[in-house]
């Protein structure tokens, strides 16, 4: 049963997409909606094809991806480091805990107006924003994963005479790896959202800018097309992080 | 300051967390003040960094004025959207996690929707629901839903096979198994997700208020940003942070009450 289900997974996924498209087309037909409100799936597909053929579109994609990757790597590495530190050293947790907890709740979106004031519409502002968003996700998930590590493992490691740094890296970090991996996946989605959000408010290039411009000229088909592209890229990013995490976990 | 806190005597454990937290906070504020004075002459990338005091004064001014109605408006949007998003995600997520068929059909759809920021939905939300309450609730609910659904699916799926085998060996009916195994496991993850979604839902409130910039913390934030008032921008950000922090604290309390086995030792 499960084997057959695995084989037809793609077909079932396509069925899900078909159901959504049918509902979409049906809504337009039933309510007689104008294309400014909701364009047909076909016209969105045509718009997408037109976008794929334009160089400006790919330039926007490249800008958004560059901002995301740089911010993700910086925020991810720093976040895991601080998360391990906070998980291993109660004194560190108590000292920087309140500051992190307070800053964590000033969500990335709230920083957008300030990053625009500070960095203008440059690349730096977006990278800072993504790094900020990813950092806090990684600190929290890493710390959470490390606190749920079975204390028996720690006791065994101590009994085996491992040094503290060895316990942190070889026992705790490894035991917490699944949690950190799922955190990294969530952080990829959140980081990608931060890129688009930042571009929506203040940027000179990128997918967010493309959608803003399209919405201002009521080109709803381009808006939905852009949203689909953002979804595809976000899904791919998440999938790649998942692959990397799985490879790391198996290792 | 920080190093003094680090060496606090270990014999007074009830004082240490407070002392260390205070030391860390004071250290951060001192660092901020130093940066503000250092950057005063321009030079750095960040040329407009007000001192904590200036932000504090701005915050006090705001608190005497329109902060409370703004906060109430934002909280109303947030709570409604958050509850709707969590409930929807729990129901759909458990269905998708439990039934491989439903999971396989709608998994790709959810995966495709998930990375699309609620901000990206803003133009569509306006066209569909106008500038009112509905538009905001839609955006916040969507943001929360897309976070929590992952946790709900994971929770419903990640029941240890041993437990399932044991349950069927004990002769539990599928309904009993659902209530005793699946539901607690899935709802635990939903609660964790709901707490993570506090952050993204609360952030989307800004976005939602950007759409209908009449009142609310987000509308205020945009207004002061457009007048280049960095201190007021930071004061508004602090309001967002404080409100989020308080909500998280309340939710932690709730989580501990509802899921005592998660915060206690892993003995059971």
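Protein chains in written order, with the working numbering: chain G, 145 to 395; chain P, 819 to 1086.
Where is the CB? At the ideal position from N, CA and C, for every residue including glycine.
- Proximity of chain P to residue 153(G) at the Cβ level (cut-off 8 angstroms) is accounted for by 922, in chain order.
- Closest in C-alpha terms to residue 329(G), from the list 303(G), 371(G) and 286(G), comes 286(G).
- Residue-level contact by beta carbon fails for residue 286(G) and chain P, as no gap is shorter than 7 angstroms.
- At a Cβ-Cβ threshold of 7 angstroms, residue 267(G) and residue 252(G) do not count as neighbours.
- For the segment 176–204 of chain G, the beta-carbon criterion of a distance under 9 angstroms to any beta-carbon of chain P is satisfied by 180, 181 and 182.
- A distance of 7 angstroms or more separates the beta carbons of residue 351(G) and residue 198(G).
- When secondary structure is reduced to three states using DSSP, residue 320(G) falls in the coil class, being assigned neither helix nor strand.
- Between residue 293(G) and residue 320(G), the C-beta spacing is below 7 angstroms.
- Restricting attention to alpha helix (DSSP H) runs no shorter than 4 residues, the segment 855–943 of chain P encloses them at 870–882, 885–916 and 918–931, ordered along the chain.
- Among the residues of the segment 935–961 of chain P, those with a Cβ less than 9 angstroms away from any Cβ of chain G are 935, 936, 937, 938, 939, 940, 941, 942, 944, 945, 946 and 961, in the order of the chain.
- Restricting attention to 843(P), 1017(P), 868(P) and 842(P), the CA atom closest to the CA of residue 853(P) is found in 868(P).
- Residue range 351–360 is occupied by the alpha helix (DSSP H) that includes residue 356(G).
- Taking a cut-off of 8 angstroms on C-beta distances, the segment 1019–1028 of chain P touches the segment 955–964 of chain P, as three or more cross pairs fall below it.
- Rounded to whole angstroms, the separation of the alpha carbons of residue 240(G) and residue 843(P) is 7 angstroms.
- In this structure, the straight-line span from the alpha carbon of residue 1001(P) to that of residue 233(G) is close to 35 angstroms.
- Assignment of alpha helix (DSSP H) within the segment 1013–1081 of chain P, counting only whole runs of 4 or more residues, yields 1035–1044, 1048–1076 and 1078–1081 in chain order.
- Closest in alpha carbon position to residue 981(P), among 970(P), 971(P), 994(P) and 969(P), is 994(P).
- Boundaries of the alpha helix (DSSP H) around residue 225(G): 199–232.
- If you draw a 10 Å sphere on the C-beta of residue 899(P), you find 16 or more other C-beta atoms in it, and that means buried.
- Contact between the segment 308–320 of chain G and the segment 354–369 of chain G is not established, with fewer than three Cβ pairs separated by less than 8 angstroms.
- For residue 304(G), the secondary structure class from DSSP, reduced to helix, strand or coil, is coil.
- Residue 374(G) belongs to the set of residues whose beta carbon lies under 7 angstroms from a beta carbon in chain P.
- For residue 261(G), the chain P residues whose Cβ falls inside 8 angstroms of its Cβ are 866, 1043, 1046, 1048 and 1051, in order along the chain.
- Shortest Cα-Cα distance from residue 181(G) to any of 948(P), 919(P) and 850(P) involves 948(P).
- Residues 265 and 353 of the same chain have their beta carbon placed closer than 6 angstroms to that of residue 347(G), with the five preceding and five following residues left out of the count.
- Between the segment 874–893 of chain P and the segment 969–989 of chain P there are fewer than three inter-stretch CB-CB distances shorter than 8 angstroms, so the stretches are not counted as touching.
- Sequence-distant partners of residue 1055(P) (beyond 5 residues in either direction) whose C-beta falls short of 8 angstroms from its own C-beta, in its chain, are 1039.
- Using a CB distance cut-off of 7 angstroms, residue 344(G) counts as an interface residue toward chain P.
- Comparing C-alpha distances from residue 333(G) to each of 894(P), 923(P), 934(P) and 897(P) shows the shortest one belongs to 934(P).
- If you compare the alpha carbons of 223(G), 340(G), 204(G) and 392(G) with that of residue 936(P), the shortest gap goes to 340(G).
- The alpha-carbon separation between residue 913(P) and residue 216(G) amounts to approximately 32 angstroms.
- In its chain, beyond the 5 residues on either side, no residue has a beta carbon closer than 6 angstroms to the beta carbon of residue 1032(P).
- Any Cβ of chain G closer than 7 angstroms to the Cβ of residue 909(P) would place that residue at the interface, and such an atom is absent.
- Taking C-alpha positions only, residue 391(G) is separated from residue 845(P) by approximately 40 angstroms.
- In the DSSP annotation of this structure, the continuous segment of the alpha helix (DSSP H) that includes residue 258(G) starts and ends at 252–263.
- Secondary structure of residue 976(P) (DSSP, three-state): coil.
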